[in-house]
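Worksheet for the structure shown next.
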Amino acid sequence: ELWKTDGTTAGTVKVKEINSTGSSYPRYLTAVGGTLYFSARDDTTGDEPWKSDGTELGTVRIGDIVSGTGGSNPSQFTRVGPTVFFVASDGTNGQELWKTNGTASSTVLVKDIATGNSSSQPGSLLAHNGKLYFGASWFAPSSARGLWVSDGTATGTVPILATNACDQLTAVGSKLFFLGTGGYDPKYRTLYVSDGTTLGTLPLRDFLLPYGARLGIAYGSLLLLDSDEPWKSDGTVAGTVQITDIYGPTPNSSAPSDFVQFGGFTYFAAEGQTGRELWRSDGTAAGTTLVWDMFPGNYSSTVPNSGDPKEMTVFKGKIVYSAVDNRGATTNNREVWATDGTVAAKLAEINPDTGFGSNPTRFTPVGNLLFFSAANTPQNTELWATDGTAAGTFQVKDIDPRYQGSGDPRDFTALGNLLLFTADDGINGRELWKSDGTASGTVMVTNIGGSTASQPMELTAYKGHVYFRAYDTTNGWEVWRSDGTAAGTSLLKDINPGSGNSGQGEFVIAGGILFFSAFQPVIGEELWMTDGTVTGTVMVKDCLPGGTTTYPSSSSPRNLTAAGKFLYFTTTLQGSGSVRYWNLLWRSDGTTAGTVLLEQFGYVDNYLQQPRELTAVGGSVYFQIASDAYGFELWKNDGTTTRIAEDTRPGPQSSSPSGMFLGAGTLFFIANDGTTGIELHGHPVEAVAAPVGIGCSAAHPLPTLAANAPRLGKSLDLEIHGRPATGGSLFLGLAAVPTPIGFGCTIYFDTSLYALLAGFQTDAAGKATLSYLVPNVPSSVGKTYVVQTILSPTTNLPWGVDFTNGLYLTIGN
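Numbers given in the working numbering equal positions in the sequence shown, counted from 1, plus 7.
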């Protein structure tokens with residue numbers, strides 16, 4: 008709700024309970040004299056324009072632009088004289104320019120710039136010399152976007168110049184500066200200056216700019232950051248000059264990627280003076296070191312002068328990956344390698360032709376084997392496996408044995424001691440296959456599509472089955488499931504009845520629920536869930552109701568991310584159309600009431616901001632997003648509030664964080680701080696419960712261990728899922744290199760220093776819960792431990808016990 012403060016506890020009070028049944032989500036707060044304008048929703052309307060004088064009686068809605076709960080989503084309130092302009096959609100004219108004087112009768116559409124239900128998407132609203140300047144799109148007499156001006160009347164709202172784009176409007180004295188787009192590549196931006204007339208709007212210079220580059224003002228001049236260097240302009244071509252070259256002629260960036268957690272370190276590929284090689288980090292500068300120079304020689308960021316390690320996967324106490332080297336009889340070949348964290352060795356020379364290599368990929372551990380795809384000739388990609396040794400690296404089966412035929416196995420997923428995947432045998436098209444690591448045990452599960460390939464995708468293991476999307480001519484694209492047998496492979500539910508398609512959404516497990524997005528012709532594409540049964544496969548919530556039975560509105564959930572027992576995801580307000588922005592952040596516990604909107608992100612420049620690269624840390628999510636104050640930086644939502652987590656490049660410039668990866672106690676990411684280039688950065692996380700590895704059992708599903716993030720003085724709640732009515736033990740130890748003990752089982756804690764914490768018994772459903780109070784010892788903050796459970800007795804020979812996955816527990820405040 009809306010609050011106010013005078014800086015004291017007593018003077019910090021709620022202004023008004025705008026929505027008595029929920030949250031009013033006030034946003035876009037804009038002070039205009041002694042009045043605050045903002046967007047909010049009450050009990051009967053959606054997001055509409057409001058104003059407040061700081062009192063309850065003076066806090067009122069000034070318009071119901073879209074009657075009912077739909078909402079016009081007003082934003083960008085900007086004052087010009089007595090008039091406040093803003094952007095809204097009335098449901099008929101799209102997003103257009105509106106104005107108000109603070110009363111319902113004065114709240115009107117200024118002009119339908121993009122006529123009909125199209126949107127002109129006004130952006131970068133700026134008051135200048137008694138008029139409003141802004142960027143907008145129009146479609147008649149031809150499509151364009153550029154600079155507009157308005158005096159508050161329809162006839163006085165006119166285009167000045169089409170410039171492909173128009174953002175970052177900045178006034179310096181009597182001049183207007185803004186960024187347009189040069190040519191067809193949006194990275195090439197043109198700096199314009201304008202006096203408010205068409206003839207007086209001129210290009211100054213073209214720049215290669217990152218998205219999120221900023222214009223600013225200092226000492227009466229315009230400032231602009233071109234890539235990584237600062238420029239200034241006085242509004243003339245001659246006066247648009249670079250201030251200084253901070254980097255010099257050859258800026259270097261390490262561009263780290265392919266992160267994996269192993270034995271208390273995070274391993275990754277990065278550029279250094281030896282080329283792109285294998286590195287590791289403990290989250291400190293001193294602890295970030297080169298592991299192995301696989302391709303000794305001159306510096307280069309590309310093959311063949313770099314090892315260029317990729318797809319690093321932990322298996323049997325090693326990291327297995329693909330890389331290039333110049334050792335041995337053949338050179339410049341990408342093959343399969345393994346390292347224990349100190350030295351590396353090639354496991355096989357699958358394709359000996361110099362300059363080609365087998366290009367191994369899709370490494371997936373299943374039991375005692377690591378499966379992958381590789382090509383022993385450039386045209387023949389087939390299923391391979393390794394036990395972690397050179398002698399134990401072999402082709403499992405030539406699925407398409409034709410000359411230059413390629414089974415091209417994909418979508419690898421472990422189901423118990425089987426690998427389920429998709430492949431094309433050259434006869435049936437791409438269908439569902441399985442393998443036990445032998446040629447005879449590598450077979451097609453069933454031909455779902457008949458004479459038409461079913462093309463299964465998004466394979467996800469859940470409750471003893473693999474769930475996936477597949478196509479047949481009767482049902483279209485729908486959700487299927489399989490236990491690895493032909494009889495156990497069936498359509499789960501025909502969500503879009505008949506031959507219609509239910510969509511191509513992603514599958515994510517959170518809180519023991521399998522979530523996915525699906526299209527149903529009455530409600531559109533929304534969030535769904537399943538417990539593995541037909542009756543338990545239901546829509547969770549219609550996040551964007553409305554539309555017609557022919558064209559239902561769709562929130563189209565994307566970026567599904569499991570964080571603790573919750574699912575985070577993003578949706579769009581644009582129910583259909585080619586230009587859509589996923590700018591709403593949600594969280595769900597699998598119930599309709601527990602599926603709530605956390606944040607609706609607004610415009611920066613001309614673009615609705617979309618959270619990207621959602622990464623779970625405990626029960627929170629971190630993501631990249633832009634703001635006017637910080638540029639593109641790392642942000643966090645813990646289910647209640649959204650705040651910036653790390654301003655890596657202080658001020659409005661952007662560090663553009665990406666490639667986020669959670670190590671022990673540190674969230675690693677790649678960013679540009681403006682000084683050192685694109686490098687590895689670390690954000691200390693307060694508390695983490697991060698799963699490591701997988702469990703092992705003679706049956707499936709595999710046993711699992713999960714917990715909330717451990718915090719001082721709070722309860723640590725652990726949840727075990729395994730065999731019903733089975734006894735077990737919980738162990739705690741220090742982090743160490745995982746110890747494989749054979750038959751797919753691995754111990755994840757230091758076996759030389761550990762403790763037995765407790766025994767337990769699973770119930771009839773195979774579930775057990777344990778709770779501990781984390782001691783309130785401040786010196787333990789940031790320390791990482793590992794917990795793992797063992798269930799016994801079982802039929803998992805030779806050990807007679809089942810192992811769960813491990814959990815890295817980092818203590819936080």
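In this text, a Cβ means the ideal position worked out from N, Cα and C, and glycines have one as well.
Is the separation between the beta-carbon of residue i and that of residue j shorter than 9 angstroms?
i, j, result
"Tyr199", "Phe214", "no"
"Leu737", "Leu725", "yes"
"Leu498", "Asn482", "yes"
"Thr769", "Gly819", "no"
"Leu669", "Val692", "yes"
"Val321", "Gln402", "no"
"Val793", "Gly813", "yes"
"Leu764", "Ser261", "no"
"Glu278", "Leu297", "no"
"Leu9", "Lys23", "yes"
"Phe370", "Val327", "yes"
"Ser127", "Asn80", "no"
"Ser563", "Trp589", "yes"
"Leu567", "Phe608", "no"
"Gly395", "Leu425", "no"
"Leu780", "Leu723", "yes"
"Asp418", "Phe378", "no"
Could you tell me the boundaries of the beta strand (DSSP E) in which residue i lies?
i, result
"Arg417", "417-422"
"Cys173", "Per DSSP, Cys173 belongs to no beta strand (DSSP E) and is neither H nor E."
"Gly766", "752-768"
"Glu8", "No beta strand (DSSP E) contains Glu8, which DSSP labels as neither H nor E."
"Ile406", "Element bounds for Ile406: n/a, residue is neither H nor E."
"Ser665", "665-670"
"Thr388", "388-393"
"Thr188", "182-188"
"Asp97", "Element bounds for Asp97: n/a, residue is neither H nor E."
"Phe514", "That residue, Phe514, is in no beta strand (DSSP E); it is neither H nor E in DSSP."
"Val39", "34-39"
"Gly282", "282-288"
"Val794", "791-799"
"Leu426", "425-431"
Can you name the residues that DSSP bridges to residue i?
i, result
"Phe269", "Phe272"
"Pro691", "Thr673"
"Gly819", "Arg718"
"Pro166", "Trp155"
"Glu653", "Leu641"
"Glu342", "Ala330"
Starting from the C-beta of residue i, find all residues in its chain whose C-beta is less than 6 angstroms away, skip the five residues before and the five after it, and write them out in chain order.
i, result
"Asp405", "Glu389"
"Pro800", "Gly807"
"Lys832", "Outside the shown range of the chain, which is 8 to 820, sits residue 832, and nothing can be said about it."
"Trp155", "Phe141, Ala143, Pro166"
"Glu606", "Leu592, Thr649"
"Ala336", "In this prediction, Ala336 scores a pLDDT of 48, lower than 50, which makes its location untrustworthy; no coordinate-derived value is stated."
"Tyr191", "For Tyr191, the pLDDT reaches just 47, beneath the cut-off of 50, and the residue's location in the model is therefore unreliable, leaving the point undetermined."
"Gly433", "Asp407, Arg409, Gly412"
"Ala17", "none"
"Gly751", "Gly374, Asn375, Cys703"
Residues in the same chain with beta-carbon distance under 8 angstroms from residue i, minus the five sequence neighbours each way, listed in chain order, please.
i, result
"Val2", "The displayed coordinates of the chain run from 8 to 820. Any statement about residue 2 would go beyond what the structure contains."
"Ala762", "Phe738, Leu739, Gly740"
"Gly270", "Gly348, Ala742, Ala743, Val744, Pro745"
Beta-carbon within less than 7 angstroms of residue i's beta-carbon, same chain only, minus the 5 sequence neighbours each way: which residues are those?
i, result
"Gly399", "Thr393"
"Asp680", "Thr655, Arg656, Ser662"
"Gly518", "Lys572, Phe573, Asp596, Gly597"
"Ile748", "Ile754"
"Asp158", "Lys138"
"Pro708", "Lys470, Gly471"
"Trp145", "Ile120, Ala121, Ser127, Ala151, Pro166"
"Gly702", "Leu709, Pro710, Thr711, Asp809, Phe810, Thr811, Asn812"
"Leu132", "Gln83, Thr85, Phe92, Leu139, Phe141"
For this session: Pick out the complete beta strand (DSSP E) segments inside the region 41-78, 3 residues or longer, and give them in chain order.
Result: 42-47, 55-59
Problem set entry | Complete runs of the beta strand (DSSP E) confined to the region 551-627 [at least 3 residues] | 565-570, 573-578, 591-595, 603-607, 619-624
Exercise. Which runs of the beta strand (DSSP E) fall wholly inside the region 471-539 and span at least 3 residues, in chain order?
Worked result: 472-479, 483-489, 496-500, 515-517, 520-527, 531-537
Exercise. Where in the region 83-130 do unbroken runs of the alpha helix (DSSP H), each at least 4 residues long, occur, reported from the N-terminal end onward?
Worked result: none
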